[in-house]
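Visitor:
In this note's numbering, the protein residues as written are 1 to 302.
1. Please check the pair residue 51 and residue 126, which I expect to be a contact at CB under 8 Å, by giving their CB distance rounded to whole angstroms.
2. Go ahead and pull the three-state DSSP assignment for residue 97.
3. Out of 60, 151 and 72, state which residue places its alpha-carbon closest to the alpha-carbon of residue 208.
4. Within 10 angstroms of the Cβ of residue 180, are there 16 or more other Cβ atoms? Answer buried if so, exposed if not.
5. Rounded to a whole number of angstroms, what is the C-alpha to C-alpha distance between residue 194 and residue 123?
6. Does the contact criterion of 3 or more C-beta pairs under 8 Å hold for the region 97 to 115 versus the region 58 to 67?
7. Here's the rule I'm using: 16 or more other beta-carbon atoms within 10 Å means buried, otherwise exposed. How should residue 24 be labelled?
8. Which first and last residues belong to the beta strand (DSSP E) in which residue 251 is found?
9. Starting from residue 183, trace the beta strand (DSSP E) both ways and give me its first and last residue.
10. Could you check how far apart the C-beta atoms of residue 44 and residue 87 are, in whole angstroms? I think they sit under 8 Å.
11. Ignore the nearest five residues each way along the sequence and tell me which others in residue 296's own chain have a CB closer than 6 Å to its CB.
12. With the cut-off set at 8 Å, would you say residue 120 and residue 76 are in Cβ contact?
13. Between the alpha carbons of residue 42 and residue 191, how many angstroms are there, rounded?
14. Report the rounded CA-to-CA distance for residue 70 versus residue 115, giving the unit in angstroms.
15. Based on DSSP bridge pairs, tell me the residues matched to residue 66.
So, in structure tokens, the structure goes:
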């Protein structure tokens, strides 16, 4: 279910922080502009669970010609031309999953994210399948911040590494990006299920926490930085059978706890979940191997 098609005044939008609000989903920038020539449309473009797929592949049902970052790149460029007021993120599990990516230990996928000028990517559980050395190399190679608010590294929180050359210095709890005069905070969290799936040596020095308290800290930090709206991006989804939470997926808990989250961008569960209303404030979006880089539009009336 799409969120209600309601335009916000700039004043109303700026009041989103710290109180309940509503995001407006619009199909195209043109339709938003037609409603009000002073409308500012901010597009949040996102990919997730690419798993090293550059070219199209098969889906779980054997359907060919699905997904791939090359196809996403075409759509990303098209949407950026249509609306320069855009933010682009990936929600995790970037490089593990194909022979091509294995041969270069994921370096090619990070190069492609750099080339496409992603604003950030979120840590996924499969980022560690090839060990810490590979993960640290991906961090050092990345031109953009890497988000994992609920991951402790050598006992320190994201953002606490002051050593510029330390690979963990790249990891942050959130980014704050000003788009068309609006400050958007993108907070990133990873699944807390890591210790249940990965051998300890694959994640040495790391600790993965339930995301509620880390997100609380990140929201405080984002508000302190002047954020006008909070978007949460998590490498987690909805439990398939109950459409709710489990030990590794805490989407509903986060949305319920933090009314200031206007959009939740999900991943990890490999479900094709269209944008829909999950509470009166937040929407959920997730897809596997990405067919065309999903887009969430937020429009603000000037």
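Note that beta-carbon positions come from the ideal geometry of N, C-alpha and C, so glycine has one too.
Guide: Quick look at the numbers:
1. Translated into the one-based positions of the chain shown, residue 51 becomes position 51. Translated into the one-based positions of the chain shown, residue 126 becomes position 126. Taking 8 Å as the upper bound for CB-CB distance, residue 51 and residue 126 are in contact here, some 7 Å apart.
2. Within the chain shown, numbered from 1, the residue matching residue 97 stands at position 97. In the structure shown, residue 97 falls within a coil segment according to DSSP collapsed to helix, strand and coil.
3. Translated into positions along the chain shown, residue 208 becomes position 208. When each option's Cα is compared against that of residue 208, the closest is 151.
4. As a first step, residue 180 must be located in the chain shown, where it is residue number 180. Counting C-beta atoms within 10 angstroms of its own C-beta, residue 180 has fewer than 16 neighbours from the protein chains shown and is therefore classed as exposed.
5. The sequence position of residue 194 within the chain shown is 194, counting from 1. The sequence position of residue 123 within the chain shown is 123, counting from 1. About 11 Å.
6. The region 97 to 115 is not in contact with the region 58 to 67.
7. For the purposes of this step, residue 24 is taken as residue 24 along the chain shown, with counting starting at 1. Model confidence at residue 24 stands at a pLDDT of 35, short of 50, so the residue's coordinates are unreliable and nothing is read from them.
8. Residue mapping note: residue 251 aligns to position 251 of the chain shown, counting from 1. Counted as a single uninterrupted DSSP element, the stretch harbouring residue 251 is not any beta strand (DSSP E) but the alpha helix (DSSP H) occupying residues 251 to 257.
9. Mapped onto the chain shown, residue 183 falls at position 183. Counted as a single uninterrupted DSSP element, the beta strand (DSSP E) harbouring residue 183 occupies residues 182 to 190.
10. Sequence index remark: in the chain shown, residue 44 carries index 44 (1-based). Sequence index remark: in the chain shown, residue 87 carries index 87 (1-based). Confirmed, about 5 Å.
11. By one-based count along the chain shown, residue 296 stands at place 296. Excluding residues within five positions, the ones whose Cβ falls inside 6 Å are 44 and 263.
12. Residue numbering aside, residue 120 sits at position 120 when the chain shown is read from its first letter. Residue numbering aside, residue 76 sits at position 76 when the chain shown is read from its first letter. No.
13. Counted from its first residue, the chain shown places residue 42 at position 42. Counted from its first residue, the chain shown places residue 191 at position 191. Just so you know, the alpha carbons of residue 42 and residue 191 end up roughly 27 Å apart.
14. Walking along the chain shown from the start, residue 70 turns up at place 70. Walking along the chain shown from the start, residue 115 turns up at place 115. About 12 Å.
15. Here residue 66 is taken as the residue at index 66 of the chain shown, counted from 1. For residue 66, which the question treats as bridged, DSSP gives the partners 57.
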